[in-house]
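Quick notes on the structure that follows.
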Amino acid sequence: GSLVADVLAHSGRLDKEHLRARVGRLSRRVEELKARDGSGGGTGSGGGAGRDAGPARRRRSRSGLGVQRDLNVAVAEFTELKQQLERDTLVLSVLQKLQEFDTAIKESYSALLEKQYVAAAQQLEQARSSLRSLESRRGFELKILKALGTELTLQTQNIIYNLGEEWKKLVVWKLPPSKGSSSLKAVELSELHLHTVPAQDRDTAVPPVAAVLQALAVVGELHSRLKVFGQLLLQYILKPLISHPSLEPVPEEKPDVFILRFRCQELALDESSPMEVFGKIKLVFEVLHKHLLNVPLEQPGEGRVTLAELLGGLIWKELSDCLILNCLVNSVPSHSSKLEQYKEVIESTEEFEKALKEMQFLKEDTTALLKYACNVGSHFANKKCQDVIMAARKLMTSEIHNTVKITPDSRVALPELPDPGSGGEQLEVQSPCSLLENGTVSVGGEGRLSPCTLRLPTCRISCSVQQLMELAYHTLLEATTSTDLCCVQLFDCVRNIFQLFCEVVPTYHRENLQKLPQLAAIHHNNCMYIAHHLLTLGHQFRYHGSGVLSNGAGTFVDLVPGFRRLGVGCFLAQMRVQKGEILERLSSARNFSNMDVEENYCAAAKAIKQVLHQLRRLGKLWQDVLPVNVYCKAMGTLLNTALAEIITRIAALEDISAEDADRLHSLCRIMVQEGPQVFTPLPEEDNNKKYQEEVPVYVPKWMTFRELMTVLQANLQEIVDQWADGKGPLAEAFSAAEVKSLIRALFQNTDRRAAALARIK
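Whatever position you read off the sequence shown (first residue = 1), add 372 for my numbering.
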């Protein structure tokens, strides 16, 4: 401030041009003095001049000192004048910028009063430029700059407020009370009013909307206003038109306002086709382009653009994503036979993007929708795989106990495979097996296979698993008619189904598989059923289509061991549970000792009856569920566990009285009489007799148990005869030490017992 005051105080007596002239004269004077000083000290010397050298040197010294003194004075004056010139120049430039700022602010204020928004905004930017120039000068700070900045901010906010009010008059949203609601009813109540239609009696070169938008662009507020407008446009107009098929736009143009509202069609489909959606969106953009978006603007840093370009840059990414996710994705066909019909969607997508580009809403290189539509083959494969996986997972998490009976003669509802065509010769060469008249299969040479070879035995499987296999077959059939890329994806999808089964089913049904024996048996059958089909699943499609299925790589054989382990592991875990329950019940039999005590005998009888009841219950649960051979092996294993435990307990007794032996024999007789009755693999009782008679085949300890009963009722001679020098049936059931232990427990220590013991060796 002092510097400005100083300059103003001397401005009357000091002119800038005068200073420049005086500095120039001083500069020339300094140069002359320097030249004289240099020429005066350069005289030569000679032999004859030595006599006058002293006085001449003294005269030159006095002359040089005077010149040097004048030179120093001139340089000092020159430096001072130069500095003063620089200071005055700087102050004058600052005063000029201050004058420019003041003029711009005044003109901006005047233009704003006259609602000349573009001129007001431009003058405001000119004032901002002047202030920035002042603030950029280092070492020259004025306290007035802070006040000028405050004035500029106030004027800017004043213009922005006035422009905001004008924008609210031009664009009016009538929204439902709850702004966050996106329901159909709320959207139907939404309206957009554009007061951008010029009045007929208004004669102006620039429409008000263009002036407001250009002024907003100048002050840097257009982007934020347009962003809010774009979000409202997406939320209440564009996205609802995509999501609600029954909604359609209803434009209405009046003399001074344009109105966009909606109405609902009473009869509408659940999903709109892309053509219908594109038509609705195109109509909205056409009316917006006519009444609002077709306004050219001078955007700082971007040049001349239209409002449509700016709006497109703000909302197109979100709009295109919504169109893809809620429209194009749903239009992707679910079957390869409908891919040809998808060309109509591709053409409509191309026309839609072309129309938006003509309205300058999109740039010429923007093709997001068209790229997605043209890549329908990949999208079809992805959608198909997703649908298949979701359907498969739904089947895996459905109830296991809903079953269907499978027999060797039953046929799964599989798709009809087309004729292999040219692959028929390969099929004939690579299939050496032939079916004979009697139903057996010839494998070459003298070998013969039963007609039941590679047939799944009769059992029950879950309906969901049968449907899962049908889903796999139909998916592979569709893969044979698809492109190579799609074929690979569908093949991998089918493999993923079976891998997912191994993870989902044991986890989702874990508790039921552990607690319910019947479900464990059904799960065992399910796994074996899937493994049975996986053996030939890929081979069946080898000569149909091309790609991964035809070159022999489309196989599922590697998954077979895993499914077999899964089924067997689950069933064996249930078998261990049942074994544990049998042993727990037999543990309450008081070790079958002191059977002459009524309490002990009752406890042992109760334990045996509980075991038999458990076996009968399991026999009913697994009846007509497990294959007969698996059923008999499972029941035989559990019955064998009970018999082995009884044999071990009785053989370990040290003293068995005659009454104890009789009662033990009666308990064993119960097991022998009722044990075979638990073998009821078939619902028809008469058909089960065969398997009840074959109990010794499935129960390894059955004959041992019968021999134990014989020993309990035999005398010493009969025992020795049964032993038959280690060649009799008793020797096959018990070791010599076990027989001797039983003899010692059953008979008193006599010579006859000693003789009998001597024969057992």
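C-beta atoms are modelled at their ideal positions from N, C-alpha and C, and glycine is treated no differently.
- L1011 is not a Cβ neighbour of F913, given a cutoff of 7 Å.
- Residue K766 holds the alpha-carbon nearest to the alpha-carbon of V837 among K766, C859, L610, R867.
- Sorting N1059, L843, E563, V748 by C-alpha distance to the C-alpha of K546 places E563 at the top.
- Taking the Cα positions, N972 is about 10 Å away from K978.
- By DSSP's assignment, H565 forms a beta bridge with V544, I631.
- Counting along the chain, T775 sits inside no alpha helix (DSSP H); it lies in the beta strand (DSSP E) bounded by residues 775–778.
- Beta-bridge partners assigned by DSSP to V622: R633.
- Between the C-alpha atoms of G684 and T678 there is a straight-line separation of about 10 Å.
- When C-beta atoms of the stretch 858–871 are compared with those of the stretch 951–970, fewer than three pairs fall below 8 Å, so the two segments do not count as touching.
- In the structure shown, R676 adopts extended strand secondary structure according to DSSP, grouped into three states.
- The Cβ-Cβ distance between A893 and V760 does not fall below 7 Å.
- A Cβ-Cβ separation of about 6 Å places K541 in contact with H567 under the 8 Å criterion.
- By the neighbour-count criterion, in which 16 or more other beta carbons inside 10 Å mark a residue as buried, C974 falls on the exposed side.
- Within the same chain, no residue comes within 8 Å of N1059 by CB-CB distance, once the 5 residues on both sides are set aside.
- By the CB criterion at 7 Å, I902 and F935 fall inside the cutoff.
- Note: L669 is bridge-paired with V677 in the DSSP secondary-structure output.
- DSSP, reduced to helix, strand and coil, places R832 within a strand of the structure shown.
- In the displayed model, E736 falls within coil according to three-state DSSP, outside both helix and strand.
- Assigned with DSSP and collapsed to three states, Q1120 falls in coil, not helix or strand.
- When the beta-carbon positions are compared, V776 and A745 stay at least 7 Å from each other.
- With a cutoff of 7 Å on beta-carbon distance, W539 and R597 are scored as near each other.
- Of the other Cβ atoms in all chains shown, 16 or more fall within 10 Å of the Cβ of S703; this residue is therefore buried.
- Contact between the stretch 1102–1113 and the stretch 1074–1090 is present: 3 or more CB-CB pairs across the two stretches fall below 8 Å.
- Here P999 is not near C757, since their CB atoms are 7 Å or more apart.
- In the three-state reduction of the DSSP assignment, K1005 falls in the helix class, which pools H, G and I.
- Note that the stretch 852–862 does not touch the stretch 881–895; fewer than 3 beta-carbon pairs, one per stretch, sit closer than 8 Å.
- Y880 places its beta carbon less than 7 Å from that of T769.
- Around the beta carbon of A1006, a 10 Å sphere encloses 16 or more other beta carbons of the protein chains shown; the residue is thus reported as buried.
- At a Cβ-Cβ threshold of 7 Å, H896 and G939 count as neighbours.
- Here C874 has G934, F935, L938 as same chain residues with Cβ atoms under 8 Å from its own Cβ, once five neighbours each way along the sequence are excluded.
- With fewer than three CB-CB distances shorter than 8 Å, the stretch 1035–1043 does not count as touching the stretch 1087–1106.
- Looking only at Q455, G521, M1043, the smallest Cα-Cα distance to L470 is reached by G521.
- With respect to the 7 Å criterion, S615 and N698 are classified as neighbours on the basis of their beta carbons.
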